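S.K.:
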Amino acid sequence: MDSSTVQSLIQQGMPEAKVEVHGPDGVHFEALVVSPAFAGKLPLARHRMVYATLGDLMGGAIHALSLRTLTPEEAARG
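The numbering of the sequence shown is this note's numbering, which starts it at 274 and goes up by one.
Rendered as structure tokens:
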């Protein structure tokens, strides 16, 4: 598993999102996901949306995923 594969999977599941993934060891990953679909949702719901794009890989090939989930408006504020 590599960062580009994780990024591609999230992007396929959330095509409107801007996705950046880093994970040099191939097991632990950090992702920034910016999506209008996150508007009005609590962080846990946002994370579940991202986890759903990865399915069974979570806890298997992807041991750990640290998420930062923002709406476009939140991302613009920095």
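Note that CB positions come from ideal geometry on N, CA and C, so glycine has one too.
Quantities reported herein were computed from a predicted structural model and do not represent experimental measurements.
For V323 versus G296, is the C-beta spacing smaller than 8 angstroms?
M.R.: Here residue 323 corresponds to residue number 50 of the sequence shown, with the count starting at 1. Here residue 296 corresponds to residue number 23 of the sequence shown, with the count starting at 1. It is not a contact, given that the beta carbons lie outside the stated cut-off.
S.K.: Beta-carbon separation of T342 and A312 under 8 angstroms?
M.R.: By 1-based counting over the sequence shown, the position of residue 342 is 69. By 1-based counting over the sequence shown, the position of residue 312 is 39. Result no, Cβ atoms of T342 and A312 do not sit closer than 8 angstroms.
S.K.: Where does T342 sit, in a helix, a strand or coil, going by DSSP?
M.R.: Stepping through the sequence shown from its first residue, residue 342 is reached at position 69. In this structure, T342 counts as strand in the three-state DSSP scheme.
S.K.: M274 and A334: beta carbons closer than 8 angstroms?
M.R.: If you number the sequence shown from 1, residue 274 lands on position 1. If you number the sequence shown from 1, residue 334 lands on position 61. Going by C-beta atoms, M274 is nearer than 8 angstroms to A334.
S.K.: Can you list, in chain order, the residues of its chain with a C-beta nearer than 8 angstroms to that of H320? Leave out the 5 residues immediately preceding and following it.
M.R.: Taking the first residue of the sequence shown as position 1, residue 320 is located at position 47. So the qualifying residues of the chain are L340, T342.
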